[in-house]
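Student:
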Amino acid sequence: MRAVWITKAGGPEVLAVRETPDPQPDRGEVRIAVRACGLNFAEVMARQGLYPDAPKPPSVVGYEVAGVVDTVGAEVTGLEVGQRVLALVRFGGHADTVCVPAARVLPMPDGLDFIEGAAIPVNYLTAYHMLFRVANLRPEARVLVHMAAGGVGTAVLQLCRTVPGVVTFGTASAAKHDVLREEGCTHPIDYRTEDYVTRVRELTGGEGLDLVLDSLGGRDWKRGMSLLRPVGQLIAYGFANLSTGERRSIRRLVGQLTGVPLLTPYGMMDRNHTVSGVNLGHLWERTDLLREELTAILNLWRDGAIKPRIDQVYPFEEAAAAHRRIGERRNVGKVVLVP
């Protein structure tokens with residue numbers, strides 16, 4: 001088995017492709033010959049030593065794969081050798097062979113290729129879960145999403161198009177605004193040249209938003225809450241601002257943590273606001289929920305309502321370049337690794 005290893009915490013140069021014995025499936029698992037796997041900001045943070053859930057180095061990370069079943073473990077039904085599948089992996093996905101509990105594996109629809117298949121699970125599940133499970137997105141809602149040109153951001157914009165009249169606001173550098181408009185963003189905002197809080201207030205006539213999807217964390221949670229109108233909701237789902245450039249920044253980490261707003265039930269009640277958190281990695285025990293939502297997402301793909309935007313595809317040997325692209329926020333859409 002060949003895999004991309006994090007040899008120690010640090011910059012992209014700590015990544016290495018290594019070979020180890022092939023894994024064997026346990027009872028209830030299938031083994032997948034991986035054709036493509038998704039790279040997410042969480043894995044970049046894991047390499048920097050900023051992702052507490054990740055296994056300690058040396059380790060292999062990766063949450064999502066697409067490939068072909070090559071071995072079926074005992075007591076597995078509904079999956080067979082040679083079947084094209086996508087799967088959610090609790091780390092270890094950046095490898096050419098993985099063993100996965102059958103409950104976290106779904107057959108790929110005809111016509112969906114491995115690159116796009118690997119781009120769906122994490123980004124679209126995160127977006128779908130936030131919009132439709134947690135927020136119950138309604139027609140005519142106003143939605144702000146940060147890092148709107150990334151994998152989750154483009155998934156959010158596409159899913160918002162499936163609800164009539166939703167108005168979307170997306171922050172990204174100006175060079176990415178044409179892409180945001182292609183994905184359905186009503187109001188792209190250049191966070192580098194204008195204050196997004198001021199701009200949103202201008203665009204909404206001071207009324208504010210119904211939903212803020214915040215992957216930045218820290219002080220931006222407080223700023224996002226200031227934009228909510230009554231019955232508005234903020235969903236926190238990441239800590240992108242804890243990482244800057246190629247390495248972790250302790251100063252930025254401390255600054256972000258000290259900027260987190262103090263929330264109380266009385267305050268929420270007084271303002272008619274809701275604050276929710278989403279961490280897909282902590283939903284692994286809710287296999288029933290994840291399968292239900294991923295099935296709905298694949299149905300939307302079949303209907304042509306969504307289509308993953310692929311930014312770049314890198315072979316395992318160029319994983320460092322892939323990490324740099326995400327860490328420097330140059331990607332527009334999903335970055336994918338292939339064995």
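Going by full-length UniProt numbering, the residue at position 137 of the sequence shown is 137; the numbering climbs one at a time, nothing skipped. Beta carbons are placed, not taken as given, at the ideal position from N, Cα and C, and that holds for glycine.
Measuring only the C-alpha atoms, how far is H129 from A305?
Tutor: Rounded to whole angstroms, H129 to A305 spans 17 Å at the Cα level.
Student: Which residue marks the beginning of the alpha helix (DSSP H) containing W301, and which one marks its end?
Tutor: Run containing W301: T287 to R302, per the alpha helix (DSSP H) assignment.
Student: Suppose contacts are defined by Cβ-Cβ distances below 8 Å. Is A127 in contact with V152 by that definition?
Tutor: It is a contact, given that the beta carbons lie within the stated cut-off.
Student: Which of the three DSSP states, helix, strand or coil, is assigned to T198?
Tutor: Note: T198 maps to helix in three-state DSSP.
Student: So what does DSSP say about R84, is it helix, strand or coil?
Tutor: Strand at R84.
Student: Can you list, in chain order, the residues of its chain with a C-beta nearer than 8 Å to that of T186? Leave out the 5 residues immediately preceding and following it.
Tutor: Excluding sequence neighbours, T186 sits near V167, T168 and F169.
Student: Beta carbon of P58, beta carbon of R84: below 8 Å?
Tutor: For P58 and R84, no; Cβs fall outside 8 Å.
Student: Which of the three DSSP states, helix, strand or coil, is assigned to G150?
Tutor: If DSSP states are grouped into helix, strand and coil, G150 belongs with the strands.
Student: Would you check if there are 3 or more beta carbon pairs closer than 8 Å linking the stretch 70 to 84 to the stretch 262 to 280?
Tutor: The stretch 70 to 84 vs the stretch 262 to 280: no contact.
Student: Go to Y314, then tell me how far its beta strand (DSSP E) extends in each direction, as first and last residue.
Tutor: Segment I310 to P315, the beta strand (DSSP E) holding Y314.
Student: Once the 5 residues before and after G267 are set aside, which same chain residues still bring their CB inside 7 Å of it?
Tutor: Contacts found: none.
Student: So the candidates are D70, D96, T162 and L227; which of them puts its Cα closest to the Cα of V61?
Tutor: Residue D96 is the option with its Cα nearest to V61.
Student: Let me know if E29 comes out buried or exposed under the rule of 16 or more other beta-carbons within 10 Å of its beta-carbon.
Tutor: Buried, because 16 or more other Cβ atoms sit within 10 Å of the Cβ of E29.
Student: Keeping to the same chain, check which residues put their C-beta closer than 7 Å to that of S276; ignore five residues upstream and five downstream.
Tutor: Closer than 7 Å at Cβ, skipping near neighbours: V134, Q233 and I235.
Student: As an exercise, report each continuous beta strand (DSSP E) stretch of at least 3 residues that is fully enclosed by the stretch 106 to 169, in chain order.
Tutor: Listed in chain order, they are 142 to 145.
Student: In the DSSP assignment, find the unbroken alpha helix (DSSP H) run with S226 in it and report its ends.
Tutor: Here the alpha helix (DSSP H) through S226 covers R219 to S226.
Student: Keeping to the same chain, check which residues put their C-beta closer than 8 Å to that of T20; ignore five residues upstream and five downstream.
Tutor: Excluding sequence neighbours, T20 sits near M1 and A3.
Student: With a CB to CB cut of under 6 Å and the five nearest residues on each side skipped, what residues in its chain are close to H282?
Tutor: Taken in chain order, the list of residues that qualify is empty.
Student: Output the boundary residues of the beta strand (DSSP E) element that contains P188.
Tutor: Its beta strand (DSSP E) spans residues H187 to I189.
Student: Considering just the uninterrupted stretch of the alpha helix (DSSP H) at R329, what are its terminal residues?
Tutor: Careful: R329 lies outside any alpha helix (DSSP H) and carries neither H nor E.
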